[in-house]
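If you read the sequences in order, they're chains L and V.
Just so you know, we're using our numbering here: the first sequence kicks off at 1 and counts up by one.
Just so you know, we're using our numbering here: the second sequence kicks off at 1001 and counts up by one.
Note that beta-carbon positions come from the ideal geometry of N, C-alpha and C, so glycine has one too.
Contents: one structure, followed by commentary.
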Amino acid sequence: MSKNLVVRFAGEGGQGVVGGAELMASAAASGGYHVLTFSTFPSQIKGGPAWGQARISSEPVLTPGDYLDVLVAQNQYAYDHNLEDLREGGLVVYNSEEFEITDNARALGIPADRMAREAGNPLASTIILIGAVAKLAGVSIEALEAFITQRWTRGRPGDEQIVEGNINALRMGVEVAEKAGMALEDLEPAPAHPEPRILIRGFEAAALGAMAGGLDSFIGYPISPATTMLVYMESNLVGKDKFVGQASSEIEAINALVGTGFAGKKVMTSTAGPGVSLMGEGLGLSWMAEIPLVVVDVQRGGPATGLPTKTEQSDLTMAMNPGHGDMTVPVIACGSTEEAFWASMHALNWAERYQGPVIMLSEASIAERAQDILMPDLSKVVDERRLVSTGEAGNRRYAGDGVSPFPVPGGPGAYVANASEHDEQGDTTHLPDIHVTMTHRRFKKLDLLTDGEYEAENTSANTVVMTWGGSKGSALAAWRELQDEGVDVGWYYTMFLNPLPTKMVEELRGKRILVPELNYMGQFANHLRSKGLNAEAITQYTGLPFKVADLKAEIKRRLQA
Amino acid sequence: MAKRNPLYDFKWCPGCGDFGVKVALEQALAGRMAETGDSIENTVIVAGIGCSGNMVHMMEGPQPFGIHGIHGRALPIAYGIKSARPDLNVVVVAGDGDFLSIGAEHIGPQARRNLDITVVIMDNGIYGLTKGQASPTTELNVVTSTTRWGKLDEKMNPFLFYLGAGVPYLTSQLSSRVKELASDIRTAMDYPGFSVVHVQSPCTTYNDTYSLLKGDEKKGIEPLAFPIGDDHRADDITAAADLVRGRRIPIGLIYKREGESVAAHQRLAEAKAKANIEQASVESLLTAMTIK
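Dropping the structure here:
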């Protein structure tokens, strides 16, 4: 029996390959399995090479899987370019209307589109393929039928015909696979789940974490791969006192966030690297005028337009230093679907606590994945609000050497929130001693953010693995395998990247830190070194996540070096 | 500043048109407070960067809230404030460089949203704070520190630009006519939508246009500014465009869109009321994702 089934649907954008993987994952989750999806596609509405991958497991999963058990190829290109990821003994299911595979005994051609058309259900070709894959991998067909019944019973006329049609399609796929005379090891039965689980996508988790944290307004500009969050907010942040707006640019968005924060509200935007580049000056305004706001940067690949739909972790340096002059923006990065929920909430609370901008780093592979997780424990939700002025300081809004009461328009303490260097009441001044005092004040506020939580395992080891963000899954899986092999290496991890938890930095002093991260420059390793730590990066910059096996091998190599 | 702040180290040049605009704005706000009973803390002045942006520090008397932001972005900041807090009276003050050059991209979106704010533009046809470079409203052929062969690009017609961008309410005034300007700003603040008061506010150091605006009968110089006649139909965009088409600057109400003005926040409130959707709790949204 096998614990895992990794299936990749590969073809062209618009052929439903991403949808196929997600449907397969939903069906398996419904049958009790743990699932995690990953997809990659070009930046165009239809066409271009795309694939969606679903990992289905009897155990909780951390990554979408290194190697494929089944490759579903819609065309020759998809077959040629994905075959290298098929594990030894894996199977290929291909669209035999499109092309022929003659040199591979473990490839099964299925004319799924024609079969679907002939069955009078042309939309069901993906379900035919799922039926075939399920049969080949020994996934319970009954569970899939139950899923189809539930999914398409929506209280509408014609539900029954749709359910029947789709179950027939599933059985057609099963039948083809049965006749093929090839199969994988059966998948272990799904485990029992005493706790309720949800199937959630990364961007939904980030959006809901923000809403749980008391978000009032969301203003964004469409950009891959961050648009999904704006769209989610448009549909779900709908209360009478809530506001969601589509800005005309990222520059408008960040400055509108400043206005919203100034007006006393908790506010957020989602964007990607190019958007943060444009927001640099506005983030400086937020830092200088001490106005809380949160920017979610769903990282994609490369500089400039780069790789809009691929995943990378190359915005950390920019996130900490997005603008000119002496400032550093606090950064929280999520490393999993669950963490996307909590990171959003923490980011909003940090912004309120220290009264300034915070960047929450997500990335394409987290935002777009679907995963089954336990229901977040909402009793742990905190909705922190800034210290509000009751008029005690008059108009001296910037008095004192740290966080001071925030005057909200309509209330007492009218002042000028000023992007220029300013005195206590916000009037522009260029006097050297005031610039010194105010610079100290702004940096001192960061001390309120140094108590972040972190993970620490096998802390006695001289060398530790410490990754960040979306590489957490691969790195943790690699580290666990090394532990099982008896390799003495420690594990440190935190979502709170800037400022780093003080206690954690002290613990790491004197250790050798290996930092897996998806960028060329080794940005987090650089950051750790700037704190006097001995960090070296393990980098990859392909637009794809780390494979666990590659990472494990590289960590071992470094340990021997 | 309610009273002089010795730490504040900025000054307008003697004779600057912005002094007149400052007094007019103070009078308009005082008049609004007296008539509506709304407190001064319910007003926010959003300033651009440039000489005119210092308005927010220079204002005397009862102090409104203010933001002195970054160059060109006063309108986006105002968009954030007003969408978060429709109850606030929001006034943008900026100059021609801030508003019509670096910030010009923001006019159309606020005009089309019909954001309920008032914009007071101090147009001196020059970059004053950076000491005399050409702005969009600098005349063709004028020599400045960045136009050594004379300005090679045409002067922008801000009024046609506003009308094209969809600004629903547009008034033109001179900084020297303080009483009329105060009244224009006061009226514009009551307009339920996006209103622009475009003020000719000369720069006595780099582009002193007082005499050009006023003209000189003895020397036979026709004044650049002229009062809009009673026969002008301000609700007719064609008539408004005809009025502003030429080189001369009409003074008075240029355009007020026909029909009732529905402001951005009002449209949103109406759409939400019509949709009749309740805010779902995070718990219920998560529960809906439960795997069955």
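- DSSP, read as helix, strand or coil, puts L/Leu62 in coil.
- Distance from the CA of L/Val295 to the CA of L/Arg385, rounded to the nearest whole angstrom, comes to 17 Å.
- Think of a sphere of 9 Å around the beta carbon of L/Met360: no beta carbon from chain V falls inside it, the nearest being about 17 Å out.
- Against chain L, the CB of V/Lys1003 has no partner CB under 8 Å away; the residue lies outside that interface.
- Within the DSSP bridge table, the entry for L/Trp287 names no partner.
- Pairing L/Glu97 with L/Tyr77, the inter-Cα distance amounts to about 14 Å.
- With a minimum length of 4 residues, the unbroken runs of alpha helix (DSSP H) contained wholly in the stretch 265–323 of chain L fall at 273–289, 316–320.
- Taking a C-beta cut-off of 9 Å against chain L, the contacting residues of the stretch 1091–1106 of chain V are Glu1105, His1106, listed in chain order.
- Of the residues V/Ile1126, V/Val1167, V/Pro1168, the one whose Cα lies closest to the Cα of V/Met1156 is V/Ile1126.
- For the pair L/Ser336 and L/Gly209, the CB atoms are not nearer than the 8 Å cut-off.
- Taking a beta-carbon distance threshold of 8 Å, L/Met375 counts as an interface residue toward chain V.
- Residue state for V/Phe1019 is assigned as helix, using DSSP reduced to three classes.
- Taking the Cα of L/Val403 as reference, the smallest distance to any Cα among L/Leu387, L/Gly65, L/Ala393, L/Gly391 is reached at L/Leu387.
- Taking 8 Å as the threshold, the shortest C-beta distance from L/Thr502 to chain V does not fall below it.
- Residue-level contact check: V/Leu1253 does not touch chain L, since none of the beta carbons of chain L fall below 8 Å from its beta carbon.
- For the pair L/Asp216 and L/Lys265, the CB atoms are nearer than the 8 Å cut-off.
- Between the C-alpha atoms of L/Gly273 and L/Glu339 there is a straight-line separation of about 20 Å.
- A check of alpha carbon separations from L/Gly14 across L/Phe443, L/Ala50, L/Ala27, L/Leu136 identifies L/Ala50 as the nearest.
- If you draw a 10 Å sphere on the C-beta of V/Lys1082, you find 16 or more other C-beta atoms in it, and that means buried.
- The three-state secondary structure of V/Arg1113, taken from DSSP, is helix.
- One Cα belongs to L/Ala461, the other to L/Val489, and the distance between them is close to 5 Å.
- Bounds of the beta strand (DSSP E) holding L/Ala537 are 534–539.
- For L/Asp372, the enclosing beta strand (DSSP E) stretches over residues 370–374.
- The C-beta distance from L/Ala364 to L/Thr311 rounds to 4 Å, short enough to meet the 8 Å contact threshold.
- Between V/Ser1083 and chain L, the shortest Cβ-Cβ separation is below 8 Å.
- By the neighbour-count criterion, in which 16 or more other beta carbons inside 10 Å mark a residue as buried, V/Gly1017 falls on the buried side.
- Under the criterion of beta carbons closer than 8 Å, L/Met24 and L/Glu188 do not qualify as touching, at roughly 17 Å.
- Taking C-beta separations shorter than 7 Å and ignoring five residues to either side along the sequence, the partners of L/Glu234 in its chain run Val244, following chain order.
- The Cβ atoms of V/Pro1086 and V/Leu1029 do not sit closer than 8 Å to each other.
- As DSSP reads the structure, L/Phe243 sits in a beta bridge with L/Ser217.
- By the C-beta criterion, the stretch 466–486 of chain L is judged to be in contact with the stretch 320–335 of chain L, since at least 3 inter-stretch pairs fall below 8 Å.
- Rounded to whole angstroms, the separation of the alpha carbons of L/Leu91 and L/Gln540 is 28 Å.
- The C-beta distance from V/Lys1272 to L/Val238 rounds to 7 Å, short enough to meet the 8 Å contact threshold.
- When Cβ-Cβ separations below 8 Å define contact, V/Tyr1008 makes contact with chain L.
- Excluding five sequence positions before and after L/Phe262, the CB atoms of its chain that fall closer than 8 Å to its own CB belong to Ala289, Ile291, Pro409, Ala417, given in chain order.
- Straight-line spacing of the CA atoms in L/Leu482 and L/Val465 works out to 11 Å.
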